[in-house]
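Novice:
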Amino acid sequence: MLALGIDPGTAICGFGLVESRGSRLIPIKYGSVFTSPKMRMEDRLVKIYDELDALMKEYKPDIMGIEKLFFNRNVTTAIPVGQARGVVLLAAAKNNIPIVERTPMQIKQDVTGYGKADKKQVIYMVTKLLHLPEPPKPDDTADALAVAICTTYCMGNAAFRNGIR
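When the letters of the sequence shown are read in order and numbered with the numbering used here, they come out as residues 42 to 206.
Here it is, written out as C-alpha coordinates:
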(Lines of atoms letter the chains of each structure in order from A and count residues from 1; the text may use other names and numbers.)
(Lines give C-alpha, C1' and ligand atoms only; values in the text may rest on other atoms or scores of the structure.)
Protein backbone atom coordinates (compact mmCIF):
# COMPACT_ATOMS: atom_id res chain seq x y z
CA MET A 1 0.00 0.00 0.00
CA LEU A 2 1.26 3.46 -0.92
CA ALA A 3 0.39 6.26 1.52
CA LEU A 4 0.84 9.97 0.88
CA GLY A 5 1.33 12.09 3.98
CA ILE A 6 0.82 15.85 3.89
CA ASP A 7 1.85 18.59 6.32
CA PRO A 8 -0.15 21.52 4.93
CA GLY A 9 1.12 25.08 4.88
CA THR A 10 1.19 27.99 2.47
CA ALA A 11 4.91 28.82 2.74
CA ILE A 12 6.01 25.17 3.00
CA CYS A 13 3.74 22.21 2.29
CA GLY A 14 5.51 18.97 3.16
CA PHE A 15 4.76 15.68 1.43
CA GLY A 16 5.95 12.11 1.86
CA LEU A 17 5.14 8.92 0.01
CA VAL A 18 5.68 5.75 2.02
CA GLU A 19 4.98 2.23 0.84
CA SER A 20 4.28 -0.56 3.27
CA ARG A 21 5.51 -3.98 2.22
CA GLY A 22 4.63 -6.42 4.93
CA SER A 23 6.23 -5.00 8.06
CA ARG A 24 8.67 -2.80 6.10
CA LEU A 25 8.17 0.88 5.38
CA ILE A 26 9.83 2.13 2.19
CA PRO A 27 10.24 5.86 1.50
CA ILE A 28 9.33 6.43 -2.16
CA LYS A 29 9.52 10.21 -2.51
CA TYR A 30 9.47 13.11 -0.10
CA GLY A 31 10.01 16.83 -0.07
CA SER A 32 8.15 20.11 0.18
CA VAL A 33 6.34 22.58 -2.03
CA PHE A 34 7.74 26.05 -1.36
CA THR A 35 5.97 29.32 -2.13
CA SER A 36 7.19 32.85 -1.75
CA PRO A 37 5.51 35.33 0.60
CA LYS A 38 5.81 37.79 -2.31
CA MET A 39 3.29 35.72 -4.30
CA ARG A 40 -0.42 36.49 -4.13
CA MET A 41 -2.18 34.00 -1.83
CA GLU A 42 -4.26 32.61 -4.69
CA ASP A 43 -1.07 31.96 -6.71
CA ARG A 44 0.51 30.20 -3.74
CA LEU A 45 -2.53 27.94 -3.43
CA VAL A 46 -2.49 27.18 -7.18
CA LYS A 47 1.19 26.20 -6.95
CA ILE A 48 0.50 23.86 -4.02
CA TYR A 49 -2.48 22.32 -5.81
CA ASP A 50 -0.65 21.88 -9.13
CA GLU A 51 2.46 20.29 -7.61
CA LEU A 52 0.54 17.90 -5.36
CA ASP A 53 -1.94 17.05 -8.13
CA ALA A 54 0.99 16.15 -10.41
CA LEU A 55 2.53 14.05 -7.62
CA MET A 56 -0.79 12.23 -7.07
CA LYS A 57 -1.19 11.57 -10.79
CA GLU A 58 2.37 10.23 -11.10
CA TYR A 59 2.44 7.97 -8.03
CA LYS A 60 -1.29 7.15 -7.60
CA PRO A 61 -1.25 6.67 -3.81
CA ASP A 62 -3.83 4.33 -2.32
CA ILE A 63 -4.57 6.72 0.54
CA MET A 64 -3.65 10.18 1.76
CA GLY A 65 -3.12 11.16 5.37
CA ILE A 66 -3.35 14.74 6.56
CA GLU A 67 -3.05 16.32 9.96
CA LYS A 68 -6.25 17.65 11.51
CA LEU A 69 -6.01 21.36 12.18
CA PHE A 70 -5.29 22.15 15.79
CA PHE A 71 -4.60 25.72 16.86
CA ASN A 72 -4.80 26.81 20.44
CA ARG A 73 -2.93 30.10 20.11
CA ASN A 74 -2.37 31.68 16.71
CA VAL A 75 -5.60 32.09 14.77
CA THR A 76 -3.81 34.22 12.17
CA THR A 77 -1.77 31.17 11.17
CA ALA A 78 -4.82 28.91 11.14
CA ILE A 79 -6.47 30.66 8.19
CA PRO A 80 -3.66 30.26 5.61
CA VAL A 81 -2.95 26.70 6.82
CA GLY A 82 -6.66 25.95 6.45
CA GLN A 83 -6.59 27.34 2.92
CA ALA A 84 -3.60 25.15 2.02
CA ARG A 85 -5.32 22.18 3.62
CA GLY A 86 -8.39 22.86 1.50
CA VAL A 87 -6.50 22.71 -1.80
CA VAL A 88 -4.74 19.52 -0.66
CA LEU A 89 -8.11 17.92 0.13
CA LEU A 90 -9.40 19.09 -3.26
CA ALA A 91 -6.44 17.52 -5.07
CA ALA A 92 -7.04 14.21 -3.25
CA ALA A 93 -10.77 14.31 -4.07
CA LYS A 94 -10.09 15.07 -7.75
CA ASN A 95 -7.72 12.08 -7.85
CA ASN A 96 -10.16 9.77 -6.01
CA ILE A 97 -7.76 9.21 -3.13
CA PRO A 98 -9.36 8.32 0.22
CA ILE A 99 -8.35 10.60 3.10
CA VAL A 100 -7.36 9.77 6.67
CA GLU A 101 -7.25 12.63 9.19
CA ARG A 102 -5.24 12.29 12.39
CA THR A 103 -4.54 14.67 15.23
CA PRO A 104 -0.96 15.71 15.98
CA MET A 105 -1.13 13.63 19.18
CA GLN A 106 -2.27 10.52 17.27
CA ILE A 107 0.56 10.94 14.75
CA LYS A 108 3.18 11.34 17.48
CA GLN A 109 1.76 8.33 19.34
CA ASP A 110 1.92 6.13 16.24
CA VAL A 111 5.41 7.21 15.22
CA THR A 112 7.19 7.57 18.58
CA GLY A 113 4.98 5.70 21.03
CA TYR A 114 4.38 8.92 22.97
CA GLY A 115 1.61 11.36 22.05
CA LYS A 116 3.44 14.37 23.47
CA ALA A 117 6.78 13.70 21.78
CA ASP A 118 8.75 16.74 20.69
CA LYS A 119 9.77 17.52 17.12
CA LYS A 120 13.28 16.06 17.57
CA GLN A 121 11.84 12.72 18.72
CA VAL A 122 9.49 12.58 15.71
CA ILE A 123 12.30 13.39 13.27
CA TYR A 124 14.55 10.79 14.90
CA MET A 125 11.91 8.05 14.65
CA VAL A 126 10.97 8.96 11.05
CA THR A 127 14.66 8.69 10.12
CA LYS A 128 15.01 5.32 11.87
CA LEU A 129 11.71 3.77 10.73
CA LEU A 130 12.39 4.64 7.09
CA HIS A 131 16.14 3.84 7.28
CA LEU A 132 17.00 7.27 5.90
CA PRO A 133 20.69 8.19 5.67
CA GLU A 134 19.97 11.55 7.34
CA PRO A 135 17.01 13.37 8.87
CA PRO A 136 14.65 14.81 6.25
CA LYS A 137 14.69 18.59 5.82
CA PRO A 138 12.84 20.83 6.33
CA ASP A 139 10.80 19.81 9.39
CA ASP A 140 7.63 20.01 7.28
CA THR A 141 8.92 17.12 5.15
CA ALA A 142 9.67 15.06 8.26
CA ASP A 143 6.17 15.83 9.56
CA ALA A 144 4.63 14.71 6.26
CA LEU A 145 6.57 11.44 6.41
CA ALA A 146 5.31 10.96 9.98
CA VAL A 147 1.74 11.42 8.69
CA ALA A 148 2.39 8.85 5.94
CA ILE A 149 3.81 6.36 8.47
CA CYS A 150 0.80 6.90 10.75
CA THR A 151 -1.53 6.42 7.78
CA THR A 152 0.04 3.07 6.89
CA TYR A 153 -0.43 1.98 10.51
CA CYS A 154 -4.09 3.06 10.40
CA MET A 155 -4.70 1.04 7.26
CA GLY A 156 -3.08 -2.01 8.82
CA ASN A 157 -5.68 -1.85 11.60
CA ALA A 158 -8.78 -3.89 10.64
CA ALA A 159 -11.10 -1.84 12.88
CA PHE A 160 -9.97 1.35 11.18
CA ARG A 161 -10.45 -0.12 7.70
CA ASN A 162 -13.98 -1.10 8.69
CA GLY A 163 -14.88 2.50 9.48
CA ILE A 164 -14.06 2.77 13.18
CA ARG A 165 -11.71 5.71 13.64
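Idealized CB from N, CA, C, for every residue including glycine. These figures come from a predicted structure and were not determined experimentally.
Please classify E108: is it buried, with 16 or more other beta-carbons within 10 angstroms of its beta-carbon, or exposed?
Specialist: It is buried - the Cβ of E108 has at least 16 other Cβ atoms within 10 Å.
Novice: Kindly give me the distance between the Cβ atoms of V188 and I47, rounded to whole angstroms, as I take these residues to be in contact under 8 Å.
Specialist: Correct: roughly 6 Å between the Cβ atoms.
Novice: E92 to P177, Cα distance in whole Å?
Specialist: Roughly 19 Å between the two C-alpha positions.
Novice: When the distance is taken between beta carbons, is K157 closer than 8 Å to K169?
Specialist: No, these two residues do not count as a Cβ contact at 8 Å.
Novice: Would you tell me roughly how many angstroms separate the C-alpha atoms of E99 and A185, rounded to the nearest one?
Specialist: Cα to Cα, the separation comes out at about 18 Å.
Novice: Run the CB neighbour count on L233, radius 10 Å, all protein chains shown included, and call it buried at 16 or more, exposed below.
Specialist: Beyond the ends of the chain as shown, which are 42 and 206, falls residue 233; an answer cannot be given.
Novice: Rank L173, M80, I67 and L66 by C-alpha distance to the C-alpha of T51 and give the top, closest one.
Specialist: Of the listed residues, the one whose Cα sits closest to T51 is M80.
Novice: Quick one: is L171 buried, meaning 16 or more other Cβ sit within 10 Å of its Cβ, or exposed?
Specialist: Buried, since its Cβ has 16 or more Cβ neighbours within 10 Å.
Novice: L45: buried (16+ other C-beta within 10 angstroms of its C-beta) or exposed?
Specialist: So L45 ends up on the buried side.
Novice: Could you check whether M105 and I138 sit closer than 8 Å to each other, using their CB atoms as the reference points?
Specialist: In this structure, M105 lies closer than 8 Å to I138 by Cβ.
Novice: Hey, T182 and M166: beta-carbon distance below 8 Å or not?
Specialist: Cβ atoms of T182 and M166: not closer than 8 Å.
Novice: From which residue to which residue does the beta strand (DSSP E) around P68 run?
Specialist: P68 -> beta strand (DSSP E) spans R65 to F75.
Novice: Assign D151 to buried or exposed, taking buried as 16 or more other Cβ atoms, counted over all protein chains shown, within 10 Å of its Cβ.
Specialist: So D151 ends up on the buried side.
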